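Residue numbers (my numbering): 27 to 153.
Below is one structure, written out as structure tokens; the observations come after it.
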């Protein structure tokens, strides 16, 4: 599946997995006012709201290179490994990634499972 390249300058970015929304001011690989920076992927970028330095920016997200979903850069939603992959696509094609990536994903999945069990037991104690 081929992802369409957007040429929008501004709008609202929305992660199709977690629902994060934020206004973006640029989409592409060369953010304005950052002449020395070339991003490795087409990204949705916003000016950093925490500084007055116009050269600073935040990367909000990109498109999954397989399914073209808009995904944020949060580790619960995507991974960048030469290209951006959403977690569902990563899991579907896990055997095609290096063993280190698979191990990291397994550790993360295991720790999320453990913390959700702890949350469940706290909920049960309150009831």
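C-beta: ideal position from N, C-alpha, C; glycine also.
Since we're looking at a predicted model, the values are computed, not measured.
Taking 8 angstroms as the cut-off, the beta carbon of residue 104 is found closer than this to the beta carbon of residue 90.
Annotation for residue 98: the continuous beta strand (DSSP E) segment containing it runs 96-98. For residue 124, the three-state secondary structure derived from DSSP is coil.
For the 8 angstroms CB-CB criterion, residue 46 and residue 70 do not form a contact. Spatial neighbours of residue 65 in its own chain (CB-CB distance under 6 angstroms, excluding positions within 5 residues in sequence) are listed in chain order as 55.
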